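Quick note on the numbering used here: the sequence shown kicks off at 132 and runs consecutively.
No residue lacks a Cβ here, since even glycine has one placed at the ideal position from N, Cα and C.
Remember, predicted model here, so these are calculated numbers, not experimental data.
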Amino acid sequence: MRYVLRNWFAEVKITLGDGHRHNGSYPSESSFIVYIHHAFYVNKSLVYGICTGSLITSQYVLTAAHCVKDKEFFEVYIGATNVNYTHADGIYPNGLRQELEAADAIIHEDYNATTNVHDIALLRLSKPVDFSLPNSPKPVCIPSAKHYKPYLSETPILLTYGWGTNIK
Numbered sequence: 132m133r134y135v136l137r138n139w140f141a142e143v144k145i146t147l148g149d150g151h152r153h154n155g156s157y158p159s160e161s162s163f164i165v166y167i168h169h170a171f172y173v174n175k176s177l178v179y180g181i182c183t184g185s186l187i188t189s190q191y192v193l194t195a196a197h198c199v200k201d202k203e204f205f206e207v208y209i210g211a212t213n214v215n216y217t218h219a220d221g222i223y224p225n226g227l228r229q230e231l232e233a234a235d236a237i238i239h240e241d242y243n244a245t246t247n248v249h250d251i252a253l254l255r256l257s258k259p260v261d262f263s264l265p266n267s268p269k270p271v272c273i274p275s276a277k278h279y280k281p282y283l284s285e286t287p288i289l290l291t292y293g294w295g296t297n298i299k
């Protein structure tokens, strides 16, 4: 099955936060958001970055191609709410966080790093997310073609969540 993702919305308003998702502020969002910690080389020095993705199945994360192209490794945190909470800190206080490694990155075949056209990728996790844990994450719902409506309304409201850094 192949999904086609399009940007139907011309105007996007961006609110920048404090790097911390406040628990319970957006309950539906906390079930599928994924924090991706990655590393890559710049001038022979290892640099770390962060990106966001969406859990779409128990073993796949949808993210941006620029987040995974030419990266050395990925750590994936399911259910994280604070980007400053590190592995060394142990288990996340709310008990929701699951830490997994990415086994593979699948980048759109027509991705162009210069123009960011087709800036989409999948991360295949090394093992499935455990949905049996209390308050476990759930995958985001992606409508099938049968239920797809290209024009939601004249003035659609769209909420998106995430973290990210970019080096230019």
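Alpha-carbon to alpha-carbon, residue j and residue i
i	j	result
Glu232	Phe205	6 Å
Lys200	Ile238	7 Å
Thr194	Asn243	15 Å
Ser263	Thr183	23 Å
Lys258	Asn247	29 Å
Val189	Pro270	Checking the sequence, you will find Ser at residue 189 rather than Val. Looking at the two C-alpha atoms, the distance is approximately 7 Å.
Ala236	Ser267	24 Å
Val173	Ile187	31 Å
Leu253	Ser185	10 Å
Glu240	His197	13 Å
Leu177	Val192	24 Å
His249	Asp261	30 Å
Glu230	Arg255	14 Å
Ile209	Ile181	14 Å
Val207	Ala234	11 Å
Thr245	Ile251	14 Å
Tyr179	Cys272	30 Å
Residue i, DSSP secondary structure in three states
i	result
Ala196	helix
Tyr208	strand
Pro247	Position check: residue 247 holds Asn in this sequence, whereas Pro was assumed. DSSP places Asn247 in coil when its eight states are reduced to three.
Asp235	strand
Val173	strand
Glu240	coil
Beta strand (DSSP E) segment containing residue i, residue limits
i	result
Leu183	This sequence places Thr at residue 183; Leu is not what is there. Ser176 to Leu186 is the extent of the beta strand (DSSP E) around Thr183.
Gln190	Careful: Gln190 lies outside any beta strand (DSSP E) and carries neither H nor E.
Leu253	Ala252 to Leu256
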